[in-house]
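Residues 926 to 1159, numbered by this note's numbering, are exactly what the sequence shown covers, in order.
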Amino acid sequence: MKNEIINEKNSEKKALEEQKENEEKGVVSKKKDPDIIKDDPSYKSGKRLYDIGLILFSVILVLNLARYFLNIEFYIGGMICTSYVLYLYLVPCIFLIIGLIKANTVSKKMGVKVKGDKGCLIMSIVLAVIIIVFGVLETIRPSYHVYEIENISASDGREFLLAKSETVTVFGEWHDEMPSFYNIDVYNVNGVFAKKIISCSAHNGEYKIEKTDDGTYKLVISFLGRKESYPLGK
C-alpha cells in the first residue's frame, strides 16, 4: 500500500514536471514563431524599405532595358554619358541593404529566424559590390568608347549628332587614340536623349549627310577610294 502511494506521488510529480516542461517549450516555440515578428514596427519599417528598394530596382531595370532596345543614349554637357546609368542601381541597393539590416537586427534580438532574410542581405551586398566594380570599370574603360563627337549639318541645314566610336568587349583591345578603322554613329538629339539612327564602319576619310529628293536623309562616307551611302530616314 505504501509503495502504491509512493508510486502514485512519483507519477503525479513526473506528470507535473512534464506539463511544466511542455508549457516552457510552448512559450519558447511561441517566441520563435516567425509570425509574431511581423507586427514589430521596426521590422515592418525594414521590410518597407526593402520593398521600396525592390520596386525602384525593377523600375530602373525596365527603363534601362527599354533604352537599350530603342538605341537611346544620354547626351549631357556635350558628351554621351550612358555608362553612368549603372550607378543609379546603387540607390535601390542601399534601400535593400538598410531595410534588410534593420529587419535582421530585430529578428536576431527577438530570437526569431525568418527564412530568406539573411540570404537576401548577402545577395544585396554582393550586388552592390558588383555594380560598383563594373561602374568603375565602365567609367575608366567604357565599352562604348567615343573618340570624337560633333554636330553635323545636313545639306538642308538640319543638325544631327555624329560620333566616331568603338565598341569594346570585356577582354577586347582598347585604344587610347582613334584607330584607323572605327564606327560612325549618327544620332537624333531631343533634349538629353540621343537616339542612334545608324552605326557603320568607316576609315579615315570624308563624310556628309544629304537630303534626298524623297525627303529622307542619307549618310555618305568616302574612304579608300570608295563611296558608301546609308539611309537615315526622315
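Glycine included, C-beta positions come from ideal geometry on N, C-alpha and C.
Residue i: buried (16+ other C-beta within 10 angstroms of its C-beta) or exposed?
{"i": "residue 1018", "result": "buried"}
{"i": "residue 1149", "result": "exposed"}
{"i": "residue 1042", "result": "buried"}
{"i": "residue 1067", "result": "buried"}
{"i": "residue 994", "result": "exposed"}
{"i": "residue 1031", "result": "buried"}
{"i": "residue 951", "result": "Low local confidence applies: a pLDDT of 47 at residue 951 is under 50, so the model's placement there is unreliable, with the coordinate-based value given in what follows. So residue 951 counts as exposed."}
{"i": "residue 988", "result": "exposed"}
{"i": "residue 1038", "result": "exposed"}
{"i": "residue 1054", "result": "exposed"}
{"i": "residue 1232", "result": "Shown here, the chain extends from 926 to 1159; a query on residue 1232 therefore has no answer."}
{"i": "residue 1040", "result": "exposed"}
{"i": "residue 1049", "result": "buried"}
{"i": "residue 991", "result": "exposed"}
{"i": "residue 1020", "result": "buried"}
DSSP on residue i, reduced to helix/strand/coil?
{"i": "residue 966", "result": "helix"}
{"i": "residue 1059", "result": "helix"}
{"i": "residue 1018", "result": "helix"}
{"i": "residue 1167", "result": "With the chain represented from 926 up to 1159, any question about residue 1167 goes unanswered, as that position is not in the structure."}
{"i": "residue 995", "result": "coil"}
{"i": "residue 1106", "result": "strand"}
{"i": "residue 948", "result": "Interpretation of residue 948 is limited by its pLDDT of 48, a score under 50 that renders its predicted location unreliable; no figure is taken from the coordinates."}
{"i": "residue 1092", "result": "strand"}
{"i": "residue 1045", "result": "helix"}
In terms of residues, what are the limits of the beta strand (DSSP E) holding residue i?
{"i": "residue 1150", "result": "Element bounds for residue 1150: n/a, residue is neither H nor E."}
{"i": "residue 1071", "result": "1069-1078"}
Since residue i sits in a beta bridge, which residues does DSSP pair it with?
{"i": "residue 1115", "result": "1118"}
{"i": "residue 1144", "result": "1134 and 1155"}
{"i": "residue 1000", "result": "1005"}
{"i": "residue 1123", "result": "1111"}
{"i": "residue 1084", "result": "1078"}
{"i": "residue 1128", "result": "1106"}
Does any heavy atom of the ligand SAM sit closer than 7 Å to the C-beta of residue i?
{"i": "residue 1067", "result": "Absent from the structure shown: the ligand SAM. Ligands present: none."}
The segment 1112-1123 / the segment 1082-1102 touching (three or more Cβ pairs under 8 Å): Between the segment 1112-1123 and the segment 1082-1102 there are three or more inter-stretch CB-CB distances shorter than 8 Å, so the stretches are counted as touching.
Segment contact flag, the segment 1124-1133 with the segment 1105-1114, C-beta cutoff 8 Å, min 3 pairs: Flag = yes, the segment 1124-1133 and the segment 1105-1114 touch.
The segment 998-1016 / the segment 974-987 touching (three or more Cβ pairs under 8 Å): They touch, by the three-pair rule.
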